[in-house]
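Numbering (my numbering), first residue to last: 1 to 77. Beta carbons are placed, not taken as given, at the ideal position from N, Cα and C, and that holds for glycine. Read through the structure below, which is laid out as C-alpha cells, and then see the notes.
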Amino acid sequence: RVAKGEWRDYAIDMSGGAAMFSIFRSSYELPLYSIVKHASARQIDFVLMSRGQKLRQERSLGALLTYLDARSLSLVR
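Structure follows, in C-alpha cells:
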C-alpha cells in the first residue's frame, strides 16, 4: 500500500500496557488504521481500529494482518 501511495506515514506509540502501530495517509491527518496490542497476564490481543471504531480483534498478529490484507481497502478522496 505504500508503493501505491495509499499509506504515507506511520507512528508507533506505547501507553498503559498497550502498543499501537498507526498508518496514515498524511502526517497531518488522523490514522487510517491502528493496530493495538493489549497484553494481560493471561493473553495477548491484537485489535484493528479505523477512525475510532474497532474493526476486528484477534489473538495473533498474523490473523489480523491477513484480515487487513483480504479487505478490499481503497483510498477515498
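Under the 10 Å beta carbon count, Ile44 is surrounded by fewer than 16 other beta carbons and is classified as exposed. Per DSSP, reduced to three states, the secondary structure at Tyr67 is helical.
Cβ-Cβ distances below 6 angstroms link Asp9 to Phe24 and Ser27 in the same chain, with the five nearest sequence neighbours on each side left out; the list follows chain order. Secondary structure in the region 8 to 69: no alpha helix (DSSP H) run of 4 residues or longer lies completely within the stretch.
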